[in-house]
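Visitor: My questions will all concern the structure given below.
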Amino acid sequence: MATSKTERSKSSWKDISKQTFVETLKNECVDEELIQVVKDIGFKELTLGQILPELKQDKLMKLENIHYYDVKHLTEIINILKNGSEIKRNKIFSDPIHGQFEVHPACKIIIDTPQFQRLRFLKRIGACNFVFQGALHNKFEHALGVSHLAGKFVRMLRQNQPELGITRNDMLCVEIGGLCCNLGYGPFTRVYEEMYLPSLEKKSSLEKRTVEMFNELLEFEPQSHQNVLQILTSDFDLDDNDIQFIRELISGQNVTGSTAWPYEGRQPYKAFLYEIVHNNRNMVDAYTWDYLARDCFYLGLKNNFDHLRYMQMARVIEVDGELQICMRDKVLINNI
């Protein structure tokens, strides 16, 4: 069986025996025909980190009659074993609004915590189902939708404007920020936010409660020897700045303009990242896109805003000395 990241370094790839490798393939449910091919051809060269010509995807598919997705599965396992890390799968969710989409393994760890699972029991729009009987959707699915849209948007910006220097950690943090943006909610939604929280002695806000719940989530131990924070830092290479960046995304971006830069997680040249999950400048953000589409769907209303077109046409431009997400005026008018 494949060993854990802590038990196997990168250099140990050469020491993996053919039997161990085949057992790993079986444990990962690789097709039996493909396992037989691996048994029959050059494992010695394979252990030296070189994929033989016999193992090239096109030849395996044509000569060995192996399905493309099985070959892709094999090459992924080989690359993961070479890098000395555990095999982690993206979780697939089927959503009535966004269809099927994947979530990052780091997000899956967060989703499986009790702090996040409680969102299943909090309705998105409170008691509206007494009037609109279908409006029974919850904060859990809304959080998944926000994370999906936030991740999709930041990847589009990275693709359209590589000069922005958006990193993999940036994208993962934005996805986690979208996922955790609802953690601080309580029952009855707006009543909880607008009446209960202000009545507390500490004058607590929803944003503060959300960050507090996120901090509690980080201390939860899904494994006996590691909490969520340790897993995020050791297995997914997030550092203290990344965790702080997620907290700042959750608490909502402040309009900075010409004021001093208030954040610690990211520097001013990445100010636009703070506008993806919560955009307090104009409320055009992943959080709003999902609840508009989701609420309209369950209320039986038509949603005229095309967030996909907005994402495709958005560009980051310097405005008042700060990089902001901008949109052509004609596109904005057409969307509204």
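Just so we're aligned: the sequence shown equals residues 1 to 336 in UniProt numbering. Beta carbons are placed, not taken as given, at the ideal position from N, Cα and C, and that holds for glycine.
Give a yes or no on whether the C-beta atoms belonging to residue 286 and residue 143 are separated by under 8 Å.
Guide: No, the Cβ-Cβ distance between residue 286 and residue 143 is not below 8 Å.
Visitor: Do you know offhand how far residue 231's Cα is from residue 132's?
Guide: Approximately 42 Å between the Cα atoms of the pair.
Visitor: Tell me the DSSP secondary structure of residue 94 in three-state form.
Guide: DSSP places residue 94 in strand when its eight states are reduced to three.
Visitor: Assign residue 324 to buried or exposed, taking buried as 16 or more other Cβ atoms, counted over all protein chains shown, within 10 Å of its Cβ.
Guide: With 16 or more other Cβ atoms within 10 Å, it is buried.
Visitor: Using the Cβ count rule (16 or more neighbours within 10 Å means buried), how would you classify residue 269?
Guide: With fewer than 16 Cβ atoms within 10 Å of its Cβ, residue 269 is classed as exposed.
Visitor: Cβ atoms of residue 119 and residue 139: under 8 Å apart, would you say?
Guide: Yes; because the gap between Cβ atoms is below 8 Å, this pair is in contact.
Visitor: Pick helix, strand or coil for residue 138, following the three-state DSSP scheme.
Guide: Residue state, collapsed to three classes: strand.
Visitor: In this structure, does DSSP put residue 331 in helix, strand or coil?
Guide: Helix at residue 331.
Visitor: Hey, how far is the Cα of residue 1 from the Cα of residue 135?
Guide: No answer about residue 1 holds up, because its pLDDT of 40 lies below 50 and its placement is not dependable.
Visitor: For residue 183 versus residue 214, is the C-beta spacing smaller than 8 Å?
Guide: In contact: residue 183 and residue 214 (Cβ atoms closer than 8 Å).
Visitor: Can you name, in chain order, every residue of its own chain whose Cβ lies under 6 Å from the Cβ of residue 263, other than the five neighbours on each side?
Guide: Excluding sequence neighbours, residue 263 sits near 248.
Visitor: Given this structure, state the Cα-to-Cα distance separating residue 122 from residue 233, to the nearest angstrom.
Guide: Looking at the two C-alpha atoms, the distance is approximately 30 Å.
Visitor: Contact defined as beta carbons within less than 8 Å: I believe residue 228 pairs with residue 113. What is the distance between those atoms, to the nearest angstrom?
Guide: Their Cβ separation, rounded to whole angstroms, is 7 Å, which keeps residue 228 and residue 113 in contact under 8 Å.
Visitor: Pull up the distance between the alpha-carbon of residue 158 and that of residue 177, whole angstroms please.
Guide: One C-alpha to the other measures close to 17 Å.
Visitor: What number of angstroms, rounded off, separates the C-alpha of residue 218 from the C-alpha of residue 290?
Guide: Cα to Cα, residue 218 sits roughly 25 Å from residue 290.
Visitor: Is residue 95 closer than 8 Å to residue 145 when the C-beta atoms are compared?
Guide: Yes, the pair counts as a contact, with Cβ atoms nearer than the cut-off.
Visitor: Where residue 252 and residue 130 are concerned, what is the direct C-alpha to C-alpha distance, given to the nearest angstrom?
Guide: So the alpha carbons of these two residues sit roughly 31 Å apart.
Visitor: Could you work out which residue in 108, 91, 110, 109 is closest to residue 101 when comparing CA atoms only?
Guide: Ranking 108, 91, 110, 109 by Cα distance to residue 101 puts 91 first.
Visitor: Taking the alpha carbon of residue 283 as the point to measure from, which residue in 326, 265, 320, 243 has its own alpha carbon closest?
Guide: Nearest C-alpha to residue 283: 326.
Visitor: Identify whether residue 305 lies in helix, strand or coil by the three-state DSSP scheme.
Guide: Looking at residue 305 - three-state DSSP - the assignment turns out to be coil, as it is neither helix nor strand.
Visitor: Starting from residue 219, follow the beta strand (DSSP E) in both directions and report where the run begins and ends.
Guide: Residue 219 -> not in any beta strand (DSSP E); alpha helix (DSSP H) instead, spanning 206-219.
Visitor: According to DSSP, simplified to helix, strand and coil, what is residue 176?
Guide: The answer is helix: DSSP assigns residue 176 an H, G or I state.
Visitor: Could you check where the alpha helix (DSSP H) with residue 107 kicks off and where it finishes?
Guide: Here the alpha helix (DSSP H) through residue 107 covers 105-111.
Visitor: Answer with buried or exposed for residue 152, where buried requires no fewer than 16 other C-beta atoms within 10 angstroms of its C-beta.
Guide: Answer is buried; the Cβ neighbour count reaches 16.
Visitor: Check the C-beta distance from residue 179 over to residue 199 and give it rounded, since I have them as a contact under 8 Å.
Guide: Between residue 199 and residue 179 the Cβ distance is about 29 Å, and since that is not below 8 Å, they are no contact.
Visitor: May I have the straight-line CA-CA distance separating residue 206 from residue 23, to the nearest angstrom?
Guide: Near 49 Å, if we compare the C-alpha coordinates of residue 23 and residue 206.
Visitor: When DSSP builds the beta bridges, which residues end up paired with residue 152?
Guide: For residue 152, which the question treats as bridged, DSSP gives no partner whatsoever.
Visitor: Could you give the first and the last residue of the continuous alpha helix (DSSP H) run that contains residue 117?
Guide: 114-117 is the span of the alpha helix (DSSP H), which, as asked, contains residue 117.
Visitor: Under 8 Å, do residue 278 and residue 181 count as touching if we go by C-beta distance?
Guide: Contact flag set, yes.
Visitor: Do residue 265 and residue 242 have their CB atoms nearer than 8 Å?
Guide: It is a contact, given that the beta carbons lie within the stated cut-off.
Visitor: Excluding five sequence neighbours on each side, which residues of the same chain lie with their C-beta closer than 8 Å to the C-beta of residue 110?
Guide: Taken in chain order, the residues that qualify are 116, 176, 179, 180, 217, 228.
Visitor: Measuring CA to CA, which of 106, 273, 298 is closest to residue 222?
Guide: Nearest C-alpha to residue 222: 106.
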